[in-house]
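Down below is the structure, laid out as structure tokens.
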Amino acid sequence: MKTKSCLCYLLFLSLFNLNAQQQKSIDQTLKLLNDKTVPYISVDELNKELNNSDILLLDSRKKEEYQVSRIKDAKFIGEQFNSESLALDDIDKNKPIVVYCSIGVRSEDLGEVLLKKGFTNVKNLYGGIFLWKNKGFEVYDENNRQTENVHAFNRFWGMLLKSGKKVY
71 MKTKSCLCYL
81 LFLSLFNLNA
91 QQQKSIDQTL
101 KLLNDKTVPY
111 ISVDELNKEL
121 NNSDILLLDS
131 RKKEEYQVSR
141 IKDAKFIGEQ
151 FNSESLALDD
161 IDKNKPIVVY
171 CSIGVRSEDL
181 GEVLLKKGFT
191 NVKNLYGGIF
201 LWKNKGFEVY
211 DENNRQTENV
221 HAFNRFWGML
231 LKSGKKVY
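Numbering (my numbering) for the sequence shown: 71 to 238.
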């Protein structure tokens with residue numbers, strides 16, 4: 071019985087360590103690649119706010135990534151955008167907007183453009199759709215059905231996706 075308890079304890083510690091390493095990798099990547107020009111929102115905060123708020127959720131990934139899965143009700147913007155190509159003139163400049171991509175690098179670029187266009191309540195999803203899925207939150211396919219599939223961008227970035235089924 072003691073052996074079984076010890077094994078369960080060791081398994082728990084190793085799983086905790088893997089989750090901590092994955093989070094640490096996302097943290098290190100964002101620290102290295104982002105300028106923090108757009109304030110972050112955590113996946114837990116976004117999950118709570120989506121149920122109680124009128125957030126505009128914008129996906130800045132490639133079309134093929136968006137078609138595999140997205141956070142529910144996210145609008146496709148893509149990664150090839152500029153100030154003129156964003157057709158958001160009819161959106162209230164104070165409306166809460168959350169931008170996301172795989173982990174939060176490309177979405178920071180979109181957030182910067184939105185801030186320059188005068189939007190005042192823009193946040194970047196920390197850890198992007200990868201951390202969203204890693205935390206167990208639902209994603210949806212192009213037919214608005216829940217899916218386990220997540221486009222992992224490429225094998226290098228895919229190492230940060232620990233939950234769901236990786237699609238390339």
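Note that CB positions come from ideal geometry on N, CA and C, so glycine has one too.
- Runs of beta strand (DSSP E) with 3 or more residues, each lying fully within the region 115 to 202, are found at 126 to 129, 167 to 170 and 192 to 195, listed in chain order.
- Q216 is bridged by DSSP to Y210.
- Contact holds between the region 166 to 173 and the region 191 to 201, because three or more Cβ pairs, one in each stretch, are under 8 Å apart.
- Comparing alpha-carbon positions, the option among S233, K203, L231 and D143 lying closest to S123 turns out to be D143.
- Pairing E178 with L185, the inter-Cα distance amounts to about 10 Å.
- With respect to R176, E212 sits apart: the two C-beta atoms are not nearer than 9 Å.
- Relative to the Cα of D162, the nearest Cα in the group Q137, I125, L180 and D129 belongs to I125.
- The Cβ atoms of D159 and K145 do not sit closer than 9 Å to each other.
- Distances from the CA of K203 to each of K118, Q98, S233 and I96 were compared; the closest alpha carbon is that of S233.
- In the three-state DSSP reduction, V237 falls in the strand class (E or B).
- Partner residues in a beta bridge of I96, as assigned by DSSP, do not exist.
- Distance between Y136 and L230, taken at the CA atoms: about 18 Å.
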